[in-house]
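What follows is a short report on a single structure.
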Amino acid sequence: MKKESTKENTKQGLGTQLRHLIELLDGAVQDAYTEAGLDYRPRYTPVMRILAQQPSATIGQLAELAGITQPAATQTVALMKKEGLLQVRAGGVDGRQRVVRLSPQGEALLPQLQACWQATKHAADSLDAELAFPLSACLAQAIAMLGERPFGDRIREARRSIFPTP
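Using the UniProt record's numbering, the first residue of the sequence shown is number 1, and each one after it goes up by one.
Below, the structure is given as structure tokens:
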């Protein structure tokens, strides 16, 4: 088996790099909300954007439209409800589904949020323009490729090629 060089051993892994990137991006976005006088978390944005476009949605619909897991959507909705941004009611045939809509407080916040989102988009576009490959396109492609062939499958395949069984 080939011995890896010291440089390869100390190179940050993909997960570490992604977490650091999220820290850099989310930290700056959080600061922008604070500078705008808003007490608002970046993680709320996918839900707010969806409910700004349609009057209500179930937790499952929010998860699907936002591209997040249902548990993540459930947790985010609970936090947003606690902060008074959302109203949640029972819905569906048997009342087990929860239907979510913006509260009056959430609706009142939209104009300020939309201004922040516009500034954030311009900043993201400027970052994309400075990179050899636009980050947004690279991420979209990576997500699509992992949808076709999950990372777990890739790890198992790599393990088999590195440690073949006799």
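Backbone N, C-alpha and C define an ideal beta-carbon position, used for all residues, glycine too. Values in this document were obtained by computation on a predicted structure and should not be read as measured data.
For the beta strand (DSSP E) that residue 49 lies in, which residues bound it at each end? Element bounds for residue 49: not the beta strand (DSSP E) but the alpha helix (DSSP H), 45-53.
Give the straight-line distance between the Cα atoms of residue 103 and residue 17, rounded to the nearest whole angstrom. 37 Å
What residue range is occupied by the uninterrupted alpha helix (DSSP H) comprising residue 19? 14-35
Return the CA-CA distance between residue 96 and residue 45, expressed in angstroms with no decimal places. Answer to the nearest angstrom: the Cα atoms are 25 Å apart.
Does DSSP put residue 113 in a helix, a strand or coil? Note: residue 113 maps to helix in three-state DSSP.
Where do the N-terminal and C-terminal ends of the alpha helix (DSSP H) with residue 152 fall, by residue? Counting along the chain, the alpha helix (DSSP H) containing residue 152 begins and ends at 151-162.
Residue nearest to residue 37 in terms of C-alpha spacing, selected from 115, 91 and 138: Per the C-alpha coordinates, the member of 115, 91 and 138 positioned closest to residue 37 is 115.
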